[in-house]
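Sequential numbering of the first sequence, starting at 0, is according to numbering that gives the first Met the number 0.
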Amino acid sequence: MRLSRYFLPTLKETPSEAQIVSHRLMLRAGMVRQASAGIYSWLPLGFRVLKKIENIVHEEMQAAGAQPVLMPTLQTADLWRKSGRYDAYGPEMLRIRDRHDRDLLYGPTNEEQITTIMRDDIRSYRDLPRNLYHIQWKFRDEIRPRFGVMRGREFLMKDAYSFDLDFEAARKSYNIMFVSYLRTYARMGLKAIPMQADSGPIGGDLSHEFIILADTGESAVYADKRLLEMDPRADDIDFDADLEPIVKQWTSLYAATDEKHDPATCPLSADEMIEARGIEVGHIFYFGTKYSEPLGCTVSMPDGEKRLLHGGSYGIGVSRLVGGIIEASHDDAGIIWPDVVAPFDVALINLKSGDEACDAVANDLYAKLGDAGVEVLHDDRDERAGVKFADMDLIGLPWQLTVGPRGVKAGTVELKRRAGGEKHELSIDSALSRILDFET
RNA sequence: CGGAGCGUAGCGCAGCCUGGUAGCGCAACGGUCUGGGGGACCGUAGGUCGCAGGUUCAAAUCCUGCCGCUCCGACCA
């Protein structure tokens, strides 16, 4: 993509409404613009990141056996009256009325809807287990939206729903999601720690929040140091195997947010523990027959008995992750994207656009990288060097490849890694092969 | 929802207290010079001062109501 033609409205100054760093950087990097409190438009650069995260979530969900669907944003009030949540949900639910005076709502979540789908089309115990998910916009009329996309009213969420015959089977489905989540976050370059959460009226221990560590996180986190050394992507996972040992391995180590942490009962000594701040980016829970019962979601057993299905739901805040990743990965100059979610792989900076020799080298690099499938943002604008470097540091692409008259004369270009900032003068070919070796 | 603050050019802000018809920096546009980390100079353009009402000869400024946005707290992917 040529930057001269790309809609990338970067800002030198921070708009006054933005307080936390991810919000400031997202506005300054031209990723989003606020439409109203807690509601954002995604501009080209931000939209690319959102899609990258979405793709990773899709891949990891499907690797874990979940199947993608797409349910509507608008739901009928009747559906929610059946589960009792139409009244229970309170003012956080956005209620709408159509031209026939029928009550609708903008979905804050989809348990009722998916349970209805399963009820209508699953008849036999043989059809289980099932796990369906979608990535869809949600609306929750938060009392106080804040922190940019981190707590919006309209937000993009992945929500998966598992259906099983009984608790033991549901626990297996839960474990699959547990392990899948660890791998998903790790793949995005995030250190996520699962923490036991309140599981509501159902009870039991099957509810976990996934918290990523970031200095600017909303809540304090206390966790066993060993959790940081565990790599969920180290081993190949067979999702058909018994995952209980892996889950145990994680859940047996101490981890708590400040609401639950009690120094008096904490088993860790100070040097065994990390104190950090965290952001919740996922939440999984088992809820048994909470929805299958009121909605009548059953299957026939071998003996003809009708059995209520046991459900679980599993959320990942996709749009929140965009902010979360920035919170976890930035410096004074701007964003530092982990490679896999970066909107482009390489910032190709032509320091003297219009100069024949520089243009030739830059265009050649652009073509070769593009042919190899590397995504390049080519800064071909007629701007001063400082402006280009500042913009590229701000938007945080993993590589900066600088072509300038000085280097071109000597047959070299400069390759900079955004994370770490180390720069190298390299021959054009070796710069190229260094990027290609890494990216392909 | 309780508490606090803000709303003046695209962005960041001053002016308001003490009423006299709007200004600074950046950005934009035209030009000259410049050219490896947000450069310099000259010029140009851009405003229902959030909205409505009131007080006054006169309101960005004082008063009332409303709207919007932000922050702190209780709640949440």
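Ideal Cβ positions, reconstructed from N, Cα and C, are used throughout, including at glycine.
Expected contact under 8 angstroms - CB spacing of residue i and residue j to nearest Å
i: residue 333; j: residue 24; result: 6 angstroms
i: residue 184; j: residue 159; result: At roughly 15 angstroms, the Cβ-Cβ gap does not stay under 8 angstroms, so residue 184 and residue 159 are not in contact.
i: residue 162; j: residue 127; result: 6 angstroms
i: residue 188; j: residue 339; result: 7 angstroms
i: residue 254; j: residue 213; result: Actually they are not in contact, since the Cβ atoms of residue 254 and residue 213 sit about 16 angstroms apart, beyond 8 angstroms.
i: residue 346; j: residue 398; result: 7 angstroms
i: residue 375; j: residue 368; result: 5 angstroms
i: residue 164; j: residue 309; result: 7 angstroms
i: residue 59; j: residue 218; result: About 25 angstroms separates the two Cβ atoms, so there is no contact after all.
i: residue 63; j: residue 175; result: 5 angstroms
i: residue 70; j: residue 319; result: Rounded, the Cβ-Cβ distance is 20 angstroms, inconsistent with contact.
i: residue 56; j: residue 113; result: Rounded, the Cβ-Cβ distance is 17 angstroms, inconsistent with contact.
Contacting residues, own chain, Cβ-Cβ under 6 angstroms from residue i (five flanking each side not counted)
i: residue 231; result: 181, 182, 185
i: residue 3; result: 379, 380
i: residue 208; result: 194, 196, 279, 282
i: residue 285; result: 169, 173, 205, 311
i: residue 14; result: 26
With 16 other Cβ atoms within 10 Å as the buried cut-off, status of residue i
i: residue 437; result: exposed
i: residue 137; result: buried
i: residue 91; result: exposed
i: residue 251; result: exposed
i: residue 54; result: exposed
i: residue 262; result: exposed
i: residue 52; result: buried
i: residue 47; result: buried
i: residue 386; result: exposed
i: residue 144; result: buried
i: residue 40; result: exposed
i: residue 99; result: exposed
i: residue 300; result: exposed
i: residue 74; result: buried
i: residue 352; result: buried
i: residue 139; result: buried
i: residue 227; result: exposed
i: residue 96; result: exposed
i: residue 106; result: buried
i: residue 110; result: buried
DSSP state of residue i mapped onto helix, strand, coil
i: residue 183; result: helix
i: residue 68; result: coil
i: residue 54; result: helix
i: residue 24; result: helix
i: residue 355; result: helix
i: residue 283; result: strand
i: residue 248; result: helix
i: residue 38; result: strand
i: residue 46; result: helix
i: residue 93; result: strand
i: residue 15; result: coil
i: residue 435; result: helix
i: residue 224; result: coil
i: residue 113; result: helix
i: residue 148; result: helix
i: residue 373; result: coil
Residue range of the unbroken alpha helix (DSSP H) whose run includes residue i
i: residue 424; result: That residue, residue 424, is in no alpha helix (DSSP H); its beta strand (DSSP E) goes 422-426.
i: residue 291; result: 291-294
i: residue 342; result: From DSSP, residue 342 is part of no alpha helix (DSSP H); its letter is neither H nor E.
i: residue 407; result: 404-409
i: residue 319; result: 317-327
i: residue 86; result: 84-87
Residues near residue i by beta carbon distance below 7 angstroms, same chain, minus five either side
i: residue 395; result: 333, 334, 335, 336, 417
i: residue 94; result: 102, 104
i: residue 354; result: 404
i: residue 44; result: 7, 28, 29, 30, 342, 394
i: residue 115; result: 78, 294
i: residue 211; result: 184, 189, 190, 191, 277, 278, 280, 323, 327
i: residue 271; result: 223, 224
i: residue 108; result: 137, 158
i: residue 372; result: 439
i: residue 273; result: 222, 224, 227
The beta strand (DSSP E) enclosing residue i, as first and last residue numbers
i: residue 391; result: No beta strand (DSSP E) contains residue 391, which is instead part of the alpha helix (DSSP H) from 384-394.
i: residue 131; result: 129-138
i: residue 75; result: 73-75
Contacting residues, own chain, Cβ-Cβ under 8 angstroms from residue i (five flanking each side not counted)
i: residue 295; result: 118
i: residue 425; result: 411, 412, 413, 414, 433
i: residue 76; result: 85, 94, 101, 102, 103, 104
i: residue 298; result: 121, 122, 123, 124, 126, 127, 164, 305, 306, 308
i: residue 431; result: 364, 367, 368
heavy atom of the ligand SAH below 7 angstroms from residue i C-beta
i: residue 288; result: Judged by which ligands are present, the structure shown has none, so any question about the ligand SAH falls away.
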